[in-house]
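Shown next, in structure tokens, is the structure this report addresses.
Numbering (full-length UniProt numbering), first residue to last: 1 to 647.
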């Protein structure tokens, strides 16, 4: 993901076509009408021939930004729980009762969590005192069971009360007692579960209270509190269920992680380091991210891979290749970091009796992770990485390919100036671009000319709204239709377009940073019903859910534009995807020989129609459809996307 300050200028140069090769003639439309003709368009699907489509075509890309991980997809709800990052202060904490709080470096919870929260109790204090954590601008409080953990230091025996309460009105939605016996010698870990009723809004906090009279004039320390609602697939340290389910409903085929800019680091030492994101959370130090807030790294390497396994996605792992925003290492300076890549791959792929494979087994995964794709770096054609990338790429390629010859390696650049003069065979080339809707539509034919010997991953793409000089933070129908047209172009060429992932994936409304380019799929905050699915989300879901194995030729009575289409087949099921990128309604007659019926799913709305936060008014409509002599008549409204599925 390109940083805000450079995103638009950089995106303009992010795509360069490769050597020309004519599109296979079987997929070219046969036209007899002028583009834009408002008469009916007849499409006849040819049920034989065609091109093999990539089974991994539609996936997702994730990086920690806009609190999409911490405070978002990762289920842990308390902010600043480990005081990680640069100068975290007391963000999200507040004292309760006759008490004061401070960040205490004298009593670290572990070698990684290097401070704790000290609660000082006033002399003569009585009743209940303690502290609250207000989460990520509130805590989602639902009618469910919560899991909670905290570490405690100090001489105290008795009850601790854990509560979920309204921050403004003080309403108590959950109150749970736990008996502890803590000492000043060492931190003690406590875990518990409790039930809660639902809160009417997201303005809530988690509270920890204790008997003031037992600590009068003294202190207690608390470290790394954690609070989880039910997680996706009930995974420990898992994903927030509602967000994860919305992603799973898209049926993505791969996950590209951990970024994005957040892989690179503002400095070499603040890069994403795989070995600091594994094992118990209390042993993960976190870091200051590239997006100017702390990362806990509680969503770490293994969590990404469990996520892949639970949703049936192929992992696409990016590894650090020497480029940070503060420095670029190459040559001999890079060699220790190449060894670190090999250690990471042994952790993922090694047998349980290898040095790092045994560490994976210790962390709960006995068999190797099924990692087959590794991307070398991120966007090395930006921020000065181009000149040294050919050398750095080959250094890493040679080391990885020698030890893991079956891994498919992916470049982080597409500009030939940034690539080796004679790239090794079998690699995939990563392209990133963010464009206006019109520009995406204008790129419809670009991939027709991609050399079939140079397979492509489009690791990031999306439509950005350029109608407002200050940008607009949410996608809308014209953008989504433009993306659909572009995706039809990708699908027609999915023998060479191996993978494509829209970005960014998630957006926590109060924390949005990437305002200018705005192609986010899913938004949320801490309030009930906040999960908001954009029009682009529905397009992605429609295209990913209905994907054939063979891209079929289509005979037509019109050239492409403003109506665009692609047909595919899996066994005896046929899929016809269409997008109307225009202001006029279109009648389309689709003939699929020897079929009798199926369903039609359609998304349509005004050109500027938008699903605003907590108000998803534009959603697909599905209806059954029956053939009349193998044909289906479909009314495509202005600015619409449709998928016809027949058998």
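Just so you know, even glycine gets a beta-carbon here, dropped at the ideal spot from N, CA and C. Computed from a prediction, not measured in an experiment: that's the story for all the values here.
Short Cβ contact (9 Å threshold) for residue i with residue j
i	j	result
residue 115	residue 105	yes
residue 501	residue 254	yes
residue 259	residue 274	no
residue 91	residue 205	no
residue 455	residue 370	no
residue 534	residue 451	no
residue 640	residue 579	yes
residue 390	residue 421	yes
residue 399	residue 338	yes
residue 117	residue 222	yes
residue 410	residue 438	no
residue 78	residue 225	yes
residue 127	residue 167	no
residue 282	residue 178	no
residue 76	residue 203	no
residue 303	residue 256	no
residue 483	residue 461	yes
Where the beta strand (DSSP E) through residue i begins and ends
i	result
residue 132	128–133
residue 425	From DSSP, residue 425 is part of no beta strand (DSSP E); its letter is neither H nor E.
residue 104	99–104
residue 645	640–646
residue 81	Neither: residue 81 is in no beta strand (DSSP E) and is coded neither H nor E.
residue 120	116–121
residue 176	172–182
Unbroken alpha helix (DSSP H) run spanning residue i, endpoints
i	result
residue 344	335–349
residue 361	355–362
residue 271	Taken as a continuous stretch (DSSP letters only), residue 271 belongs to no alpha helix (DSSP H), as it is neither H nor E.
residue 496	Neither: residue 496 is in no alpha helix (DSSP H) and is coded neither H nor E.
residue 261	261–264
residue 461	Where residue 461 is concerned, there is no enclosing alpha helix (DSSP H), although the beta strand (DSSP E) it sits in stretches over 456–463.
residue 309	301–311
residue 441	437–442
Cut-off 6 Å between Cβ atoms - residues of its own chain near residue i, not counting five sequence neighbours on either side
i	result
residue 175	163
residue 588	41, 634 and 636
residue 621	602
residue 393	376
residue 367	none
residue 5	Summary for residue 5: the model assigns pLDDT 32, below 50, so the residue's position carries little reliability; its value from the coordinates is reported in the next sentence. If we look at residue 5 and ignore the five residues flanking it on each side, it has no Cβ neighbours.
residue 530	524 and 614
residue 66	507, 508, 511, 512 and 513
residue 616	532 and 533
residue 301	274, 277 and 278
residue 581	441, 481, 485 and 562
residue 623	600
residue 173	141, 164, 196, 197 and 199
residue 626	597
residue 545	251
residue 605	477 and 618
Supposed close pair residue i, residue j - CB separation, criterion 8 Å
i	j	result
residue 61	residue 459	6 Å
residue 378	residue 412	5 Å
residue 208	residue 146	That pair is no contact at about 13 Å.
residue 194	residue 130	Wrong, their Cβ atoms sit about 16 Å apart, outside the cutoff.
residue 648	residue 547	Nothing about residue 648 can be read from this structure; the chain reaches only from 1 to 647.
residue 189	residue 149	7 Å
residue 297	residue 232	With a Cβ gap of about 19 Å, residue 297 and residue 232 do not count as contacting.
residue 307	residue 239	6 Å
residue 403	residue 342	6 Å
Strand pairing of residue i, partner residues [DSSP]
i	result
residue 231	240
residue 152	188 and 222
residue 393	Its beta-bridge partners do not exist; DSSP assigns none.
residue 542	According to DSSP, residue 542 bridges with nothing at all.
residue 278	Its beta-bridge partners do not exist; DSSP assigns none.
residue 507	523
residue 610	None, per the DSSP bridge assignment.
residue 204	166
residue 501	59
Residues near residue i in its chain [Cβ-Cβ closer than 7 Å; skip 5 each side]
i	result
residue 289	64, 262 and 295
residue 630	591, 592, 593, 594 and 595
residue 551	27, 50, 51, 53, 491, 492, 494, 566 and 568
residue 352	358, 361 and 366
residue 156	180, 182, 210, 214, 215 and 220
residue 417	386
Beta-carbon contacts of residue i that lie in its chain and below 8 Å, excluding the five residues immediately before and after
i	result
residue 322	328, 329, 330, 333, 334, 337, 377, 388 and 392
residue 647	572, 573, 574, 595, 596, 597 and 598
residue 498	54, 56, 57, 428, 455, 456 and 457
residue 609	476, 477, 535, 617, 618 and 639
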